[in-house]
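Counting in our numbering, the sequence shown runs from 54 upward without gaps.
The C-beta atom is built at its ideal place from N, Cα and C for all residues, glycine as well.
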Amino acid sequence: MDTPIAPTPTSHFYTSLRTRLHYLDWGNPSAPTLILVHGGFDHARSWDWTARALARDYHVIVPDLRGHGDSGWAQDGSYMMANFVYDLALLIDLLDRPPVTLLGHSLGGAICLRYAGLFPEKLRRIVAIEGLGLSPERLKQKAEQSDTDVWREWIESRRASARRTQRRYPTIEAAIGRMRERNEHLSVEQALHLTSHGVNRNEDGSYSWKFDPYLKIMAPQAGSDADLPEFWRRIACPALLCLGADSWASNPVRDGRIRHFPNARLVEFADAGHWLHHDQFDRFIGELRPFLSGEASDSRTIVGL
Numbered sequence: 054m055d056t057p058i059a060p061t062p063t064s065h066f067y068t069s070l071r072t073r074l075h076y077l078d079w080g081n082p083s084a085p086t087l088i089l090v091h092g093g094f095d096h097a098r099s100w101d102w103t104a105r106a107l108a109r110d111y112h113v114i115v116p117d118l119r120g121h122g123d124s125g126w127a128q129d130g131s132y133m134m135a136n137f138v139y140d141l142a143l144l145i146d147l148l149d150r151p152p153v154t155l156l157g158h159s160l161g162g163a164i165c166l167r168y169a170g171l172f173p174e175k176l177r178r179i180v181a182i183e184g185l186g187l188s189p190e191r192l193k194q195k196a197e198q199s200d201t202d203v204w205r206e207w208i209e210s211r212r213a214s215a216r217r218t219q220r221r222y223p224t225i226e227a228a229i230g231r232m233r234e235r236n237e238h239l240s241v242e243q244a245l246h247l248t249s250h251g252v253n254r255n256e257d258g259s260y261s262w263k264f265d266p267y268l269k270i271m272a273p274q275a276g277s278d279a280d281l282p283e284f285w286r287r288i289a290c291p292a293l294l295c296l297g298a299d300s301w302a303s304n305p306v307r308d309g310r311i312r313h314f315p316n317a318r319l320v321e322f323a324d325a326g327h328w329l330h331h332d333q334f335d336r337f338i339g340e341l342r343p344f345l346s347g348e349a350s351d352s353r354t355i356v357g358l
């Protein structure tokens with residue numbers, strides 16, 4: 054008999070690289086495992102709508118990345134891409150239910166795509182929402198900057214950040230306002246949910262974001278987007294790439310990056326920005342369900358929604 058899905062997720066913790074990390078479990082453990090990985094400066098509860106929509110058909114697991122949500126902060130304030138990938142790899146091994154399906158947004162997408170290239174035999178399917186990193190044009194510009202300049206800039210930015218105090222908001226409404234500034238597509242209800250799960254209350258009654266401020270200053274050795282095609286070429290399972298038409302992200306069909314994937318399909322969502330799974334939720338789920346079940350075409354095409 055199947056275990057019913059949880060009306061609300063249960064919290065669990067594991068330790069990775071000496072850091073206590075948190076994840077949510079939406080129940081239904083006998084179903085295929087689906088892991089949802091959030092983006093930078095976000096948290097696991099940002100997937101609540103998606104998790105609820107899919108929890109009857111999948112065993113949905115949603116981690117808080119290190120330095121985010123209810124996971125611990127890195128003691129040295131340094132966040133390496135390799136560590137994020139290691140954390141995901143360890144979680145998948147601890148769950149011990151391969152093959153799994155991965156769905157990642159932004160930074161979470163980049164983490165999932167790297168994992169998929171490293172361990173293609175452990176993946177059933179993968180979905181990346183704007184997780185391809187910098188565009189070829191932006192990578193070209195970045196390559197023109199010398200390594201010494203990059204390192205000096207990081208050191209100077211890190212020291213400047215150490216002198217700043219964490220931003221505080223006098224009311225929850227002020228924090229919600231900031232959330233809506235980042236994504237104008239959000240409704241008030243969405244912004245309230247994302248903010249209430251994304252802040253801690255300070256001793257003076259003010260509010261601060263849960264994420265580690267040092268996440269804003271990625272170290273030079275954190276991994277380069279230039280090495281991503283090597284991972285993409287090794288992905289053996291079908292891949293669904295999602296893009297918001299109003300986002301800053303580059304279109305991988307037009308810039309040529311999709312050619313590195315053996316089996317990938319791109320869907321572009323109209324009237325959606327970088328958080329397209331919030332901006333056009335119904336259309337996103339409508340595209341996601343048939344892909345996860347294997348009913349959708351896996352051909353390398355672009356579809357506008």
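- Bounds of the alpha helix (DSSP H) holding N136 are M134 to L148.
- If you ignore the 5 residues before and after W100, its C-beta comes within less than 7 Å of the C-beta of L89, H91 and V115, all in its own chain and listed in chain order.
- Taking each of P62, L70, D200 and G130 in turn and checking the Cα distance to S277, the smallest one comes out for D200.
- Fewer than three beta-carbon pairs drawn from the region 225 to 237 and the region 205 to 212 are found closer than 8 Å, and the two stretches are therefore not classed as touching.
- By the criterion of a C-beta distance shorter than 8 Å, T154 is surrounded in its chain by P85, T86, L87, I88, Y111, L176, R177, R178, I179, V180 and L345, once the five residues flanking it on both sides are discounted.
- Here T248 carries a helix assignment [DSSP, helix/strand/coil].
- Contact between the region 119 to 129 and the region 60 to 78 is established, with three or more Cβ pairs separated by less than 8 Å.
- Only exposed fits N255, as fewer than 16 other CB atoms lie within 10 angstroms of its CB.
- The continuous alpha helix (DSSP H) containing W285 extends over residues L281 to W285.
- Linking K269 to S261 through their CA atoms gives a straight-line distance of about 15 Å.
- Looking at the DSSP output, T68 sits in a beta bridge with R73.
- With respect to F334, C295 sits apart: the two C-beta atoms are not nearer than 8 Å.
- For the pair R167 and N316, the Cα-to-Cα distance works out to about 16 Å.
- Cα atoms of W204 and G347: separation of roughly 45 Å, rounded to the nearest angstrom.
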